[in-house]
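Here is the structure we will look at.
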Amino acid sequence: MSNEVKKRILDSSDMGIREDEGVGVAEIVNSIKWALLVTQGELETSGIKLKRIELNLKSIASRKAGAGIRFQIPILGKLKIGSNVSYKSVQTISLVLNTPKTPTKDIIPSIGLDKNLKSLIMSLADGVKAAVDGNIPLEMGESWVELNFVLKSENEVSLIIETGFDAELTNSLKLFFEKI
Numbered sequence: 001m002s003n004e005v006k007k008r009i010l011d012s013s014d015m016g017i018r019e020d021e022g023v024g025v026a027e028i029v030n031s032i033k034w035a036l037l038v039t040q041g042e043l044e045t046s047g048i049k050l051k052r053i054e055l056n057l058k059s060i061a062s063r064k065a066g067a068g069i070r071f072q073i074p075i076l077g078k079l080k081i082g083s084n085v086s087y088k089s090v091q092t093i094s095l096v097l098n099t100p101k102t103p104t105k106d107i108i109p110s111i112g113l114d115k116n117l118k119s120l121i122m123s124l125a126d127g128v129k130a131a132v133d134g135n136i137p138l139e140m141g142e143s144w145v146e147l148n149f150v151l152k153s154e155n156e157v158s159l160i161i162e163t164g165f166d167a168e169l170t171n172s173l174k175l176f177f178e179k180i
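Residue numbering for the sequence shown follows our numbering, beginning at 1 and increasing consecutively.
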């Protein structure tokens, strides 16, 4: 590896990744909204509802011609050696979102996060149902689902996190639920 390539990997002074090497925050939020929309009925029959969402995304700045800098969640499968990405260039975006009473419009999923999230939400709903059924019913206390993920491609989310730089780009989504 030449010294110039090594410098580009270790030095984040050129402002990060190309636009096609990442996904926007809005795309991830829309996938979360879709998963919540399709599981809402099942949650209500389980006697629980979503209380709040905590989303921590590892982002890297990207440049768009004429539009300045934009933060994007990196897609590991698209990062190239010359991407100017290092642990020093990773930024964290934290969102704490509260849910509206009713959804206002249909949401179209855009990345693979929604299917994994839907499965986790359904697992929690099944756990709550199992707890309240039977001879010794239990009452739901504090409940949440946490999903740690990296983007492998535009349509693939990996829940298996490798060590090294992949681990630096791990995002987390935590959904808190409460009893209805």
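Ideal Cβ positions, reconstructed from N, Cα and C, are used throughout, including at glycine. Predicted model only: the values in this text are computed from it and were never measured.
Within the same chain, and ignoring the five residues on either side of Leu120 in sequence, the residues whose Cβ sits closer than 7 angstroms to its Cβ are Val145 and Leu147. According to the DSSP secondary-structure assignment, Glu146 is paired through a beta bridge with Lys174.
In the DSSP assignment, Leu95 falls within the beta strand (DSSP E) that extends over Gln91 to Asn98. A buried status is given to Ile32, since no fewer than 16 other beta-carbon atoms sit within 10 Å of its beta-carbon. Rounded to the nearest whole angstrom, the CA to CA distance from Ile136 to Leu43 is 21 angstroms. Per DSSP, Gly22 is one residue of the beta strand (DSSP E) stretching across Gly22 to Gly24. Beta bridge pairing from DSSP links Ala61 with Phe71.
In its chain, beyond the 5 residues on either side, Lys58, Pro74 and Val150 have a beta carbon closer than 6 angstroms to the beta carbon of Leu169. One thing to note: Leu95 has its Cβ within 8 angstroms of the Cβ of Leu55.
DSSP places Leu151 in the strand class (E or B) of the three-state scheme.
The beta carbon of Lys118 lies closer than 7 angstroms to those of Ala35, Val38 and Thr39 in the same chain, with the five residues before and after it left out.
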